[in-house]
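Line by line, the protein sequences give chains B and S. 1 is the number of the first residue of the first sequence in the working numbering; add one for each residue after it. 1001 is the number of the first residue of the second sequence in the working numbering; add one for each residue after it. Ideal Cβ placement from N, Cα and C applies to all residues, glycine included.
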Amino acid sequence: MTNGGQRATRSALDAWVNRFDLRITALIDPAGVGTRTLNTYGVRESAFIVDLSTMRVVRRINGSVAGIGPSAIQQIVPTILELLRRGP
Amino acid sequence: MHSPRWLGPLALCAALLGCGSTPTSSTPAGDAAAVDAPTVDALAVDVATADVAAPEDVPADDVAAAVDAAMTAGPYPEGPYGSREGTVLANLEWEGYVNELGQERSTALTFGPTSLQDLRGDGRGYALVHLAEFL
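Below, the structure is given as structure tokens:
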């Protein structure tokens, strides 16, 4: 995650996790690399499904940066549930 | 996230428990079968006797030489990398909270370094990656 277009700090990550009571893996860029994730993967609010055997992007959805409409997560969750249902 | 792969083991457990349940039939035939069945204690003695000879059949060397199945993915796939569908997502390093079980708030876990390669696990299944921004 980033923080207002800058590298997110640990305190920002903690605030985000605590605000939404997140129970998922939550990460930020390490110090010294700037906004590397933003520069490499793209802008928020985007969601990817990755095949862990090949690390290929199976599905990518870009949500609205303005927060309009269903989020990328809302749109992509049915797809990953279907993939998990099918199995490897 | 709960994988449906758990359904197999759960179904198997249910079947085994069913075998051990007490018959509920009230027919005379059901009662007769219950009387003729060996008691639990008798079965336990039979099993214990059979187990005594079993360890001698397994050479200790074989146990020591057994190789565990790989529990980690192989090397990270080669590029070229990208973030569009069909491309290989680049292996990045991060720091934060790795919450594998989802049973507690992530900030209750240890803050530390990780990478996409670390998060691949055994290389099976799928990962959901979400890019967010704290405003």
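Distance check for S/Phe1111 and S/Glu1095, CA to CA, integer angstroms please. Numbered from its first residue, the second sequence carries residue 1095 of chain S at position 95. Numbered from its first residue, the second sequence carries residue 1111 of chain S at position 111. The straight-line gap from Cα to Cα measures roughly 7 Å.
S/Asp1118 to B/Gly5, Cα distance in whole Å? On the second sequence, residue 1118 of chain S is found 118 positions in, with the first residue counted as 1. On the first sequence, residue 5 of chain B is found 5 positions in, with the first residue counted as 1. About 26 Å.
Length of the line joining the Cα atoms of S/Tyr1076 and B/Ala12: To locate residue 1076 of chain S, count along the second sequence from 1; it is residue 76. To locate residue 12 of chain B, count along the first sequence from 1; it is residue 12. Looking at the two C-alpha atoms, the distance is approximately 30 Å.
Report yes or no: is there a C-beta of chain B within less than 8 Å of the C-beta of S/Pro1113? As a position in the second sequence, residue 1113 of chain S is number 113, starting the count at 1. Interface flag for S/Pro1113 against chain B is set, since a Cβ pair is found closer than 8 Å.
Interfacial residues, the segment 16-32 of chain B to chain S, with Cβ spacing under 7 Å: Answer in chain order: Trp16, Val17, Asn18, Asp21, Leu22, Arg23, Ile24, Thr25, Ala26, Leu27, Ile28, Asp29, Pro30.
Compare the C-beta of B/Asp14 against all C-beta atoms of chain S and say whether one is closer than 8 Å. Here residue 14 of chain B corresponds to residue number 14 of the first sequence, with the count starting at 1. It does: the Cβ of B/Asp14 has a partner Cβ on chain S nearer than 8 Å.
Under 8 Å, Cβ to Cβ, is there at least one residue of chain B near S/Ala1066? Taking the first residue of the second sequence as position 1, residue 1066 of chain S is located at position 66. False, the Cβ-Cβ gap to chain B never drops below 8 Å.
Backbone CA spacing between B/Ile24 and S/Gly1102 [nearest angstrom]: What you label residue 24 of chain B is simply residue 24 of the first sequence in a count that begins at 1. What you label residue 1102 of chain S is simply residue 102 of the second sequence in a count that begins at 1. Cα-Cα distance, rounded: 6 Å.
Can you say whether B/Arg44 is buried or exposed, counting buried as having 16 or more other CB atoms within 10 angstroms of its CB? As a first step, residue 44 of chain B must be located in the first sequence, where it is residue number 44. Counting of Cβ neighbours within 10 angstroms places B/Arg44 among the buried residues, the total reaching 16 or more.
In DSSP terms, what B/Glu82 is bridged to: If you number the first sequence from 1, residue 82 of chain B lands on position 82. DSSP, once it has assigned bridges, lists no residue as partnering B/Glu82.
How should S/Leu1128 be labelled, buried or exposed, when 16 other C-beta atoms within 10 angstroms of its C-beta is the threshold for buried? In the second sequence, counting from the first residue as 1, residue 1128 of chain S sits at position 128. S/Leu1128 comes out buried.
At the level of alpha carbons, what is the spacing between B/Pro70 and S/His1130? Within the first sequence, residue 70 of chain B is the residue found at index 70, counting from 1. Within the second sequence, residue 1130 of chain S is the residue found at index 130, counting from 1. Distance between the alpha carbons of B/Pro70 and S/His1130 is about 14 Å.
So what does S/Leu1131 bridge to, in DSSP terms? As a working note, residue 1131 of chain S is residue 131 in the second sequence. Beta-bridge pairing links S/Leu1131 to B/Ser46.
Straight-line gap, S/Met1071 to S/Gly1123 (C-alpha atoms, nearest Å): For this step, residue 1071 of chain S is matched to residue 71 along the second sequence. For this step, residue 1123 of chain S is matched to residue 123 along the second sequence. Inter-residue distance for S/Met1071 and S/Gly1123 is about 9 Å (C-alpha atoms, whole angstroms).
According to the Cβ coordinates, are B/Phe48 and B/Arg60 closer than 8 Å? As a first step, residue 48 of chain B is located in the first sequence; it is residue number 48 there, counting from the start. As a first step, residue 60 of chain B is located in the first sequence; it is residue number 60 there, counting from the start. Yes; because the gap between Cβ atoms is below 8 Å, this pair is in contact.
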